[in-house]
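Numbering (our numbering), first residue to last: 244 to 546.
Think of the CB as a built atom: it goes at the ideal place given N, C-alpha and C, for glycine as much as any other residue.
Below is one structure, written out as structure tokens; the observations come after it.
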Ligand code: SF4
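Here it is in structure tokens:
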């Protein structure tokens, strides 16, 4: 195995286009796959965080994450303050608190436009229990409906676990139809060997993921691979270890219609997940910027 390519940048020198900020290490769930299972670390200081991102030389996409960012009472204010710096904002959440419509309205009023919701069990409580240790499908679905109502729902994430929820792709698309979810990117991921993760199951890779998704959604593998080779956008949304394509072949605009993203978080002998990404950075505990996955691996258990 090669050595982990870890480095830190001053905020003024940030070159990452997507920057993760773990605003809290608190969480109201105990999922079996969690890259950030450390709960003892204090919440990130809001003023220092804003000062840091103000120094970035270019506009970036900030991903507010955590553990679970909705644990912070001041989340709406944080969103507004980040937007005031000129950066774009995505909120990544487990969605439990978004089951209350008023809560979602508060996020919308704060200026949020882009939300990523994790739905590992789709609408199946048995799957949630096996993967996320909680029978929470009702809350998750209500969160999805509320986010869609306020036009916030952009991304949905689902980890596919061998022997548990392999049927998730077909079930997810069916659920979108039933709830009139028309414009979304759904990300199916393999388990990542980061933080806390399910070790006793077969760790699938990208080929299995493509195979599962194609079979269930009646797609040809050539179609999926064609998009990888003929990507229409000049930016970095298409990465080496991921595939992005629309369900409807005529669709060309991401977030118009249903798009599928396949992401392989299986490190498979590599130093970390998606190693050497120049796209994904993370604000560190000392307010520098580091490559996201390398920082997570380098601080395993410590941040
Ligand atoms: S994966 Fe997210 S929701 Fe689940 S325990 Fe970890 S931080 Fe909480």
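- Residue 349: member of the alpha helix (DSSP H) spanning 344 to 352, first to last residue.
- Within 7 Å of the C-beta of residue 274 there is at least one heavy atom belonging to the ligand SF4.
- Looking only at 309, 507, 385, the smallest Cα-Cα distance to residue 401 is reached by 507.
- Residue 533 is bridged by DSSP to 525.
- In this structure, residue 359 sits near residue 398, with a CB-CB distance shorter than 8 Å.
- Residue 465 has its CB no nearer than 7 Å to any heavy atom of the ligand SF4.
- For residue 538, the number of other beta carbons within 10 angstroms of its own is at least 16, and it is reported as buried.
- Inclusion of residue 535 and residue 263 in the CB contact set at 8 Å is warranted, their separation being smaller than that value.
- Contiguous alpha helix (DSSP H) elements confined to the segment 253 to 303 occur at 289 to 297, taking only those with 4 or more residues.
- Taken through DSSP and simplified to helix, strand or coil, residue 322 comes out as helix.
- Annotation for residue 468: the continuous alpha helix (DSSP H) segment containing it runs 464 to 472.
- Only exposed fits residue 297, as fewer than 16 other CB atoms lie within 10 angstroms of its CB.
- Taking the C-beta atoms as reference points, residue 299 is found nearer than 8 Å to residue 257.
- Residue 485 and residue 430 have their C-alpha atoms roughly 10 Å apart.
- A Cβ-Cβ distance of about 5 Å is found for the pair residue 411 and residue 365, placing them in contact under the 8 Å criterion.
- Residue 370 sits in a helix when the DSSP states are folded into three classes.
- Its chain contains 353, 354 as the residues whose beta carbon lies nearer than 8 Å to that of residue 323, once the 5 sequence neighbours on both sides are disregarded; these appear in chain order.
- Shown here, residue 339 sits in a helix according to DSSP, grouped into three states.
- The beta carbon of residue 344 sits closer than 7 Å to those of 389, all from its chain and outside the five residues before and after it, given in chain order.
- About 7 Å separates the CB atoms of residue 434 and residue 509; that is less than 8 Å, so the two are in contact.
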